[in-house]
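Take the sequence shown: its position 333, counting from 1, is numbered 366 in the working numbering, and each next residue is one higher. Built from N, CA and C at the ideal position, the CB exists for glycine as well. Predicted model only: the values in this text are computed from it and were never measured.
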Amino acid sequence: MSPTFRSDAYIDGKWRASAKRFDVFNPANQEVIAHVPDFGAAETEEAVAAAHRAFPAWAAKAAKERAAIMRAWFDLMMGDLDRLARLISLEGGKPIAEAKGEAAYGASFVEWFGEEAKRAYGRTIPSTTATRRYVTIRQPIGVSAAITPWNFPLAMITRKAAPALAAGCTFVVKPPSQTPLTALALAELAEKAGIPAGVFNVVTTHDHTADVGKVLCESPLVRKFSFTGSTGIGKKLGAACVASTVKKVSLELGGNAPLLVFADADLDLAVKGAIASKFRNAGQTCVCANRILVEDSVYDAFSTKMTEAVAKLKVGPGDSDGVEIGPLIDQTAIEKVEQMVGEALASGAVALTGGKKHAAGAQFFTPTVLANVTREMRVNQEEIFGPVAPLIRFKDEDEAVAIANDTPFGLAAYLFTKDVNRAWRVAERIEAGMVSINDGIFSNEVIPFGGVKESGLGREGGVEGLDEYLETKFVNFGGF
Ligand code: NAP
Numbered sequence: 034m035s036p037t038f039r040s041d042a043y044i045d046g047k048w049r050a051s052a053k054r055f056d057v058f059n060p061a062n063q064e065v066i067a068h069v070p071d072f073g074a075a076e077t078e079e080a081v082a083a084a085h086r087a088f089p090a091w092a093a094k095a096a097k098e099r100a101a102i103m104r105a106w107f108d109l110m111m112g113d114l115d116r117l118a119r120l121i122s123l124e125g126g127k128p129i130a131e132a133k134g135e136a137a138y139g140a141s142f143v144e145w146f147g148e149e150a151k152r153a154y155g156r157t158i159p160s161t162t163a164t165r166r167y168v169t170i171r172q173p174i175g176v177s178a179a180i181t182p183w184n185f186p187l188a189m190i191t192r193k194a195a196p197a198l199a200a201g202c203t204f205v206v207k208p209p210s211q212t213p214l215t216a217l218a219l220a221e222l223a224e225k226a227g228i229p230a231g232v233f234n235v236v237t238t239h240d241h242t243a244d245v246g247k248v249l250c251e252s253p254l255v256r257k258f259s260f261t262g263s264t265g266i267g268k269k270l271g272a273a274c275v276a277s278t279v280k281k282v283s284l285e286l287g288g289n290a291p292l293l294v295f296a297d298a299d300l301d302l303a304v305k306g307a308i309a310s311k312f313r314n315a316g317q318t319c320v321c322a323n324r325i326l327v328e329d330s331v332y333d334a335f336s337t338k339m340t341e342a343v344a345k346l347k348v349g350p351g352d353s354d355g356v357e358i359g360p361l362i363d364q365t366a367i368e369k370v371e372q373m374v375g376e377a378l379a380s381g382a383v384a385l386t387g388g389k390k391h392a393a394g395a396q397f398f399t400p401t402v403l404a405n406v407t408r409e410m411r412v413n414q415e416e417i418f419g420p421v422a423p424l425i426r427f428k429d430e431d432e433a434v435a436i437a438n439d440t441p442f443g444l445a446a447y448l449f450t451k452d453v454n455r456a457w458r459v460a461e462r463i464e465a466g467m468v469s470i471n472d473g474i475f476s477n478e479v480i481p482f483g484g485v486k487e488s489g490l491g492r493e494g495g496v497e498g499l500d501e502y503l504e505t506k507f508v509n510f511g512g513f
């Protein structure tokens, strides 16, 4: 049975229908599951105005009061995990168990930031003269806007909305056109939790994405803009925010994570970590191990173990029992993966398993291991965003680091080694915002998540995540 869901947008505490609607599809079978309002600039301006009106009262609440409301939102999410997971899986394709993990991960930001905002301390600064006293106070920035991607339809919203609301900001989000239903379910629970009208708004769109984005980036009422998505779009939107109104901007963009397996690694642990990192969400995560670099002397042993494990992964619709690999999000995604794998094979790579589409349906790709991959191939240079693990040989630590860093991206990196000195050394040398040692999964609400180079600006989660929604104001008391 399908999960229940809302299919109208949520603006200023009201459910807003529209005569013009767009289709939301189930990526497992391409069936239409909902019709959602296709709103444009006018409705986005309404949402921004509502958030602007709601801001003074929300910001004036004590952090403890906001935290109590957020706690209610968190509890409602945790009480509704099954439905949220089925919705994430229905519109995004994720296996149910993974979708449930995302729902709990998404909820954890609401709990963490509600609590953390109570500790948004300012400072007293020793004065430079006897006649003055200096302090800083932390204040919410104001209306915050966000644009989010489909690969984590719930968590990419709460990772932004939770620190914003906790800090005292109000919030407008444009969810992705492929997965708006999860965003609307979040709004439904926000309303039930007692989040006041205008504090959390969801504007859905399909044909007017650029117009909605323009309002969110250029409106003088919006003081903070946060984007998660591809680097190309992020650069454009970030530039528009600065050029128009000098907004504070956070960008969580694409990655090209290397996973390094050294000869001294526990190979079984490395295979487990590589599978967890590479194949989660069918390879459609920004922190996915995009390419796996393996030291010469263990390359054959690692590739044999990896191939055996990958060949066993169960492919199918997200709601089928025991499925580990669901469909890719849309036709464009599957075509891109097919093309990248085809190019690699034509240039000398070998498919140890997989290498082609899967019989489960039009948007399924067989979990793949590619050997003999070279640095020149596109599978090494670009985000694959599919269940494909390219293996590249390296001869020593210097070469491994050089290959790992030879990319404009710098989001996550993974390394497997039992040598603690090497672990420190390589973690320091790798150009990435996050390095995970002997572990393929690391995301949670307490850590600063984010990238360097063209993978982004700013951090989400952890104490750093709250800073993104606060301004530090310096106050001078003179005349002593
Ligand atoms: P995308 O094409 O950049 O889309 C992301 C969002 O931007 C969607 O809501 C999309 O709306 C919107 N958008 C697209 N063009 C726009 C425009 N001209 N103006 C305003 N908004 C626009 O990225 P994606 O393919 O959905 O997501 C995958 C990418 O996200 C990957 O590169 C991945 O690495 C990255 N990602 C990064 C992180 C991180 O934390 N660093 C996390 C998750 C994903 P529509 O749906 O309406 O087109």
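- By a beta-carbon distance limit of 8 Å, I325 contacts A307. Their separation comes to about 6 Å.
- Note: V348 is bridge-paired with I358 in the DSSP secondary-structure output.
- Under DSSP, F427 takes part in a beta bridge, and its partners are E328.
- At a cut-off of 6 Å, the beta-carbon of N184 counts as near the ligand NAP: some heavy atom of the ligand is closer than that.
- In this model, A132 and G125 are separated by some 9 Å (Cα to Cα).
- The Cβ atoms of Q396 and I425 do not sit closer than 7 Å to each other.
- With respect to G495, V485 sits apart: the two C-beta atoms are not nearer than 7 Å.
- With respect to P423, V412 sits close: the two C-beta atoms are nearer than 7 Å.
- In the DSSP assignment, no residue is bridged to G134.
- Relative to the ligand NAP, the nearest heavy atom lies less than 6 Å away from the CB of C319.
- In the structure shown, E416 falls within a coil segment according to DSSP collapsed to helix, strand and coil.
- As computed with DSSP, H68 is found in a beta bridge with D56.
- Taking the Cβ atoms as the reference, L120 lies roughly 5 Å from T215, within the contact range of under 8 Å.
- In terms of side-chain proximity, the C-beta atom of T237 is found no nearer than 6 Å to any non-hydrogen atom of the ligand NAP.
- In this chain, the alpha helix (DSSP H) harbouring P196 covers A188 to A200.
- Exclusion of S177 from the 6 Å shell around the ligand NAP follows from its C-beta lying no nearer than that to any non-hydrogen atom of the ligand.
- Set against 6 Å, the gap from the CB of A243 to the closest heavy atom of the ligand NAP is smaller.
- In the three-state reduction of the DSSP assignment, Q172 falls in the strand class.
- Annotated three-state conformation of S476 is coil, per DSSP.
- Remark: C-beta atoms of L361 and A315 approach each other more closely than 7 Å.
- Cβ atoms of S259 and S177 come within 8 Å of each other, at about 7 Å.
- When rounded, the separation of the alpha-carbon atoms in I174 and S210 is 28 Å.
- Put simply, the stretch 57-68 does not touch the stretch 219-231. Fewer than three CB pairs are less than 8 Å apart.
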